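These notes are about the structure you will find just below.
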Amino acid sequence: MAVGSKDLTAEKLDQLDNERLFEELKKAKEELFNLRFQSATGQLENHGRLRAVKKDIARIYTIMRERELGIRAEAAPAVVDAKDEKKAAKAEKKSAKAEAEEDAK
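In the working numbering, each residue carries its 1-based index in the sequence shown increased by 2.
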């Protein structure tokens, strides 16, 4: 794998929804633009990063296209833990109780 793209593996990208994938693509394109600008001005220190970002962009495009064609399934919605559901329910009860008390006053 290319240097600096450990966070953008195909497995991790596959877990992202389409909106988040588009955001990652936008960030990668901005980074590529900045790297090219640095390269043109002679300020780029790590030329391997250019290649890594290009591969990241290609990886994102591949996953997006595979989803369009139905080769790859859409990202599953995030799983909510039972503990989180209980905490949310308690918070709702507290807020409802507080509102009821304020209305009673």
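Even for Gly, the Cβ is constructed at its ideal location relative to N, Cα and C. Keep in mind the model is a prediction, meaning the values are calculated, not measured.
For this session: Compute the beta-carbon to beta-carbon distance between Arg74 and Ile65, rounded to the nearest angstrom, for a pair I have assumed lies under 8 Å.
Result: With a beta-carbon spacing of about 6 Å, Arg74 and Ile65 fall inside the 8 Å limit used to define contacts.
Problem set entry | CA-to-CA distance, Lys95 to Glu47, given in whole angstroms | If I take the Cα positions, the gap works out to 56 Å.
Problem set entry | Local conformation of Gly50 per DSSP, three classes | Looking at Gly50 - three-state DSSP - the assignment turns out to be helix.
Exercise. Asn20 to Arg51, Cα distance in whole Å?
Worked result: When rounded, the distance between both Cα atoms is 25 Å.
Exercise. Whose C-beta lies closer than 8 Å to the C-beta of Arg38 among residues of the same chain, with five residues either side of it excluded?
Worked result: These residues qualify, in order along the chain: Leu52.
Exercise. Taking the alpha helix (DSSP H) that Ala30 falls in, what are its first and last residues?
Worked result: Looking at the DSSP string, the run of the alpha helix (DSSP H) that includes Ala30 is Asn20 to Thr43.
Exercise. Nearest to Glu2 by CA position, among Val55, Leu15 and Lys29, is which residue?
Worked result: Since the first residue of the chain shown is 3 and the last is 107, residue 2 is not available in this structure.
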